[in-house]
Each structure stands twice: as structure tokens, then as C-alpha cells.
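A.B. asks:
2 protein chains.
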Amino acid sequence: MEAMTQDLFPKAPDAHALERGEVLAPRFDANGLIAAIAVHAETGEILMLGWMNAEALSLTLSTGKIHYFSRSRNELWLKGETSGQVQLVVEIRVDCDQDAVLVKCLPQGDGGACHVGFRSCFYRVVEDGRLVERP
Amino acid sequence: MEAMTQDLFPKAPDAHALERGEVLAPRFDANGLIAAIAVHAETGEILMLGWMNAEALSLTLSTGKIHYFSRSRNELWLKGETSGQVQLVVEIRVDCDQDAVLVKCLPQGDGGACHVGFRSCFYRVVEDGRLVERP
Chain A
0 MEAMTQDLFP KAPDAHALER GEVLAPRFDA NGLIAAIAVH AETGEILMLG WMNAEALSLT
60 LSTGKIHYFS RSRNELWLKG ETSGQVQLVV EIRVDCDQDA VLVKCLPQGD GGACHVGFRS
120 CFYRVVEDGR LVERP
Chain B
0 MEAMTQDLFP KAPDAHALER GEVLAPRFDA NGLIAAIAVH AETGEILMLG WMNAEALSLT
60 LSTGKIHYFS RSRNELWLKG ETSGQVQLVV EIRVDCDQDA VLVKCLPQGD GGACHVGFRS
120 CFYRVVEDGR LVERP
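These protein sequence lines are chains A and B, in that order.
With numbering that gives the first Met the number 0, the residue at position 51 of the first sequence is 50, and numbering never jumps.
With numbering that gives the first Met the number 0, the residue at position 44 of the second sequence is 43, and numbering never jumps.
1) Residues in the stretch 114-129 of chain B with C-beta within 8 Å of chain A's C-beta atoms, listed in sequence order?
2) What does the Cβ neighbour count give for B:T59, buried or exposed, with the cut at 16 atoms within 10 Å?
3) For A:K10, I'd like the list of residues in its chain whose CB is within less than 6 Å of its CB, leaving aside the five on either flank, ordered along the chain.
4) Between which two residues does the beta strand (DSSP E) carrying B:R72 extend?
5) Identify which residue in A:A40, A:D96, A:V131, A:I65 has its Cα closest to the Cα of A:F27.
6) Do A:K78 and A:I91 have their CB atoms nearer than 7 Å?
7) So, does the CB of A:L56 fall closer than 7 Å to a CB anywhere in chain B?
8) Under a Cβ-count criterion, where at least 16 other Cβ atoms within 10 Å of its own Cβ denotes burial, should A:P134 be classed as buried or exposed?
9) Could you tell me which residues DSSP pairs with A:H114 in its beta bridges?
10) At a Cβ threshold of 7 Å, is A:G31 touching chain B?
11) Taking 7 Å as the cut-off, decide whether the C-beta atoms of B:V93 and B:V100 are in contact.
12) So B:G111 contacts chain A; which residues on that side make the cut at Cβ distance below 7 Å?
13) Is the shortest distance between the beta-carbon of B:P12 and the beta-carbons of chain A less than 7 Å?
14) With a cut-off of 7 Å, does the C-beta of A:C95 fall near any C-beta of chain B?
15) So, at 7 Å on beta carbons, what are the nonlocal neighbours of B:L87 in its own chain, with the 5 sequence-adjacent residues on each side left out?
16) Could one say the Cβ of B:L75 lies closer than 7 Å to chain A's Cβ atoms, at least one of them?
17) Tell me which same chain residues have a C-beta within less than 7 Å of the C-beta of A:G110, skipping the five on either side of it?
18) Can you tell me where the beta strand (DSSP E) holding A:R129 begins and where it ends?
19) Which residues in chain B have a C-beta closer than 8 Å to the C-beta of A:E18? List them in chain order.
20) If we count the other Cβ atoms within 10 Å of its Cβ and call it buried at 16 or more, is A:R123 buried or exposed?
21) What residue range is occupied by the uninterrupted alpha helix (DSSP H) comprising A:L58?
22) Tell me whether A:E41 sits in a helix, a strand or coil according to DSSP, three-state version.
23) Is the number of C-beta pairs between the stretch 31-46 of chain B and the stretch 14-22 of chain B that are closer than 8 Å three or more?
24) Short of 8 Å in beta carbon distance, which residues of its chain neighbour B:E1, apart from the five on each side in sequence? Order them along the chain.
25) Can you find the residues in the same chain that come closer than 8 Å, C-beta to C-beta, to A:E54, ignoring five residues on each side of it along the sequence?
26) For A:N52, is the classification buried or exposed, using 16 other Cβ atoms within 10 angstroms of its Cβ as the cut-off for buried?
27) Does DSSP put A:E126 in a helix, a strand or coil?
28) Under 8 Å by Cβ, that's how I've got B:V102 and B:A34 pegged, so tell me the actual separation to the nearest angstrom.
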């Protein structure tokens, strides 16, 4: 995993390069992953939070379709490959310390992102300590 | 960490309880953390992605101010304690498998969230493989 990460992306030499530089140098964690937030490019709705390893990020950039790494299945995953809910990339942003990416996308298929059946995975609000389903 | 997690939050007994139940049963990872996305409650702007352990999530719920766990400093952290950029909680959501939370908040102080000086940590877009700073 570490070797693959080094092959696909460089490491930032210092904090200034990491925070203000123009080189994409993602800081993958000990498991080789960064967090990826998928947002609907037209509505701004936050659809889901997933994980990417270097290969998933690289494929997302090269194909224009969001790829994740499934922590539970321990495998690379083209979102929508079976559900049809492919997420077409409109814009990719990276955060200050390059350990998270924000992907604005257009969900295909039925327009949803969540395997439970909701458009967004964040369909429950914490209210008085209980979870309540809310649009 | 595991003991503390069990003290503060229950575990969901099955997938249905996890995905459709009304009990908050966050699934902390091997390091005792879940991802937390902070969003501006009025503009919808995604401000930052941080991490919470059970104590940080519990304090966020009880105090109405977002607390994170710093992976680099390895300590609990009240956002804004030194910068003044306290994030007042408006709404907390949890995702389908309860390993991420989405917090709508109102940033205090100068209204920013990022230590580099931008309002949002996601101030760079990937364009043709290079990072470009964009509002």
C-alpha cells in the first residue's frame, strides 16, 4: 500500500507545499486512506462520506467517476457499478492538510447515493438524543 | 478507548437498528474515531473535515460546540478555543452506517474555519492535475 501510494502521488516536502502548493500530495493514513466527501454539484446536498486509497483517487481523477475503497469489503469500488448510481465528477477539492477531498458530482441512475434508499446517507438528525429521519 | 466508547454510546445490535433505528450508536474505527463534516448552517458551505472520538462527540452533543479529536496532537480539542472560531451546533446528522456525522454549525469569531486563513479548508481545486486556489 505504501509503495503504491508513493508511485501514484508525491509527498509534500514541507508544510508550505502541503498547504499552499500546487502539487496534489495527498496524505493517506496508516491504512492508506483519505476521507472523501461527495456533494451534489447542483443542489449542494452532502450525499455521502467514503474512503479512497491512492488507486481510487487516481481512477476518480482519470475516469471522471468517483471510485472509493470499501473498508468493510477491503476492495476498490466504482460507485454505481451495480446500483447504477454512478457519481460523475464535476470538481475535486482538497483540504489544507491534504487528508480529505471534496468531490462535487452528479449522481446518475435514480439520483440517489445511499444503499438504504435515501438520496443522501445523512437522512437522520440527532434530536434530544434520538435519531429521527428528516429530509 | 474501547471501554470509554462503550460507556458513552451503545452498539447497534444489528444492521436494521444501525440503519433505521432511533438509537445513536456510532461505529468508531480501530483508533476510536469517526469522521465529522462541519457545514455552515446558513450558507451550506463545507467548512472542514475533522475527527471525533466518543468523548468529542459526547461533548459536542452536550455543550452545543463542536469538539474534535486531533490525530496529529492526539488530544481532544474544542474548535475555536484559541482561535475564537468556535462552531456552534445547529444540527447534527449521522449517516446510514453511523461512521460519520454531519454537523451544521455557525462559526464564531471571524467566521472562518481553517488555520491557513481561508473560510473553508477546501480552498483548492484540482485542475489538470495541479491545485489552484478558488473561492
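Beta carbons are placed, not taken as given, at the ideal position from N, Cα and C, and that holds for glycine.
C.D. replies: Based on what the coordinates show:
1) So the list reads H114, V115, F117, C120, F121, Y122, R123, V124, V125, G128, R129, given in the order they occur along the chain.
2) Translated into positions along the second sequence, residue 59 of chain B becomes position 60. Counting Cβ neighbours within 10 Å, B:T59 comes out buried, since at least 16 surround it.
3) Reading the first sequence from its first residue, position 11 is the one you call residue 10 of chain A. For A:K10, where only same-chain residues beyond five positions count, the Cβ hits under 6 Å are A24.
4) For the purposes of this step, residue 72 of chain B is taken as residue 73 along the second sequence, with counting starting at 1. Neither: B:R72 is in no beta strand (DSSP E) and is coded neither H nor E.
5) The count along the first sequence starts at 1 and reaches residue 27 of chain A at position 28. Cα-wise, what sits closest to A:F27 is A:D96.
6) Position 79 of the first sequence holds residue 78 of chain A. Position 92 of the first sequence holds residue 91 of chain A. Contact: no.
7) Within the first sequence, numbered from 1, the residue matching residue 56 of chain A stands at position 57. Not closer than 7 Å to any Cβ of chain B, the Cβ of A:L56 fails to qualify, so no.
8) Within the first sequence, the letter at position 135 stands for residue 134 of chain A. Here A:P134 is exposed: its Cβ has fewer than 16 other Cβ atoms, across all protein chains shown, within 10 Å.
9) Taking the first residue of the first sequence as 1, we reach residue 114 of chain A at position 115. Answer by DSSP bridge pairing: none, since A:H114 is not bridged.
10) In the first sequence, the residue the question calls residue 31 of chain A occupies position 32. Not flagged as an interface residue toward chain B: A:G31, since no C-beta distance is shorter than 7 Å.
11) By one-based count along the second sequence, residue 93 of chain B stands at place 94. By one-based count along the second sequence, residue 100 of chain B stands at place 101. It is a contact, given that the beta carbons lie within the stated cut-off.
12) Within the second sequence, residue 111 of chain B is the residue found at index 112, counting from 1. Using a Cβ-Cβ cut-off of 7 Å, B:G111 is close to nothing in chain A; its nearest Cβ partner there is about 11 Å away.
13) Translated into the one-based positions of the second sequence, residue 12 of chain B becomes position 13. No, because no Cβ of chain A sits closer than 7 Å to the Cβ of B:P12.
14) What you label residue 95 of chain A is simply residue 96 of the first sequence in a count that begins at 1. In terms of beta-carbon proximity, A:C95 lines the interface with chain B, with at least one pair separated by less than 7 Å.
15) Translated into the one-based positions of the second sequence, residue 87 of chain B becomes position 88. Once the five neighbours on either side are set aside, the close Cβ partners of B:L87 are G63, K64, C104, L105, Q107.
16) As a position in the second sequence, residue 75 of chain B is number 76, starting the count at 1. No - not a single Cβ of chain A is within 7 Å of the one on B:L75.
17) Position 111 of the first sequence holds residue 110 of chain A. The residues R118, in chain order, have a CB closer than 7 Å to that of A:G110 in the same chain once the five nearest residues on each side in sequence are set aside.
18) As a working mapping, residue 129 of chain A is identified with position 130 in the first sequence. Note, A:R129: beta strand (DSSP E), 129-132.
19) Numbered from 1 along the first sequence, position 19 holds the residue referred to as residue 18 of chain A. Chain-ordered, the chain B residues with CB closer than 8 Å to the CB of A:E18 read V115.
20) On the first sequence, position 124 is the one that residue 123 of chain A refers to. Result: buried.
21) Here residue 58 of chain A refers to the residue found at position 59 when the first sequence is read from its first residue. Here the alpha helix (DSSP H) through A:L58 covers 53-62.
22) Here residue 41 of chain A is taken as the residue at index 42 of the first sequence, counted from 1. DSSP places A:E41 in coil when its eight states are reduced to three.
23) No contact exists between the stretch 31-46 of chain B and the stretch 14-22 of chain B.
24) Along the second sequence, read from residue 1 onward, the residue named residue 1 of chain B stands at position 2. Because the pLDDT of B:E1 is 48, which lies under 50, any placement of that residue in the model is unreliable, and the number read from its coordinates should be weighed accordingly. Taken in chain order, the residues that qualify are G31.
25) On the first sequence, residue 54 of chain A is found 55 positions in, with the first residue counted as 1. For A:E54, where only same-chain residues beyond five positions count, the Cβ hits under 8 Å are M3, L7, H66, F68, L75.
26) As a working mapping, residue 52 of chain A is identified with position 53 in the first sequence. By the Cβ-count criterion, A:N52 is buried, with 16 or more other Cβ atoms from all chains shown falling within 10 Å of its own Cβ.
27) Your numbering for residue 126 of chain A matches position 127 in the first sequence. In this structure, A:E126 counts as strand in the three-state DSSP scheme.
28) As a first step, residue 102 of chain B is located in the second sequence; it is residue number 103 there, counting from the start. As a first step, residue 34 of chain B is located in the second sequence; it is residue number 35 there, counting from the start. About 11 Å separates the Cβ atoms of B:V102 and B:A34, ruling out a contact at the 8 Å cut-off.
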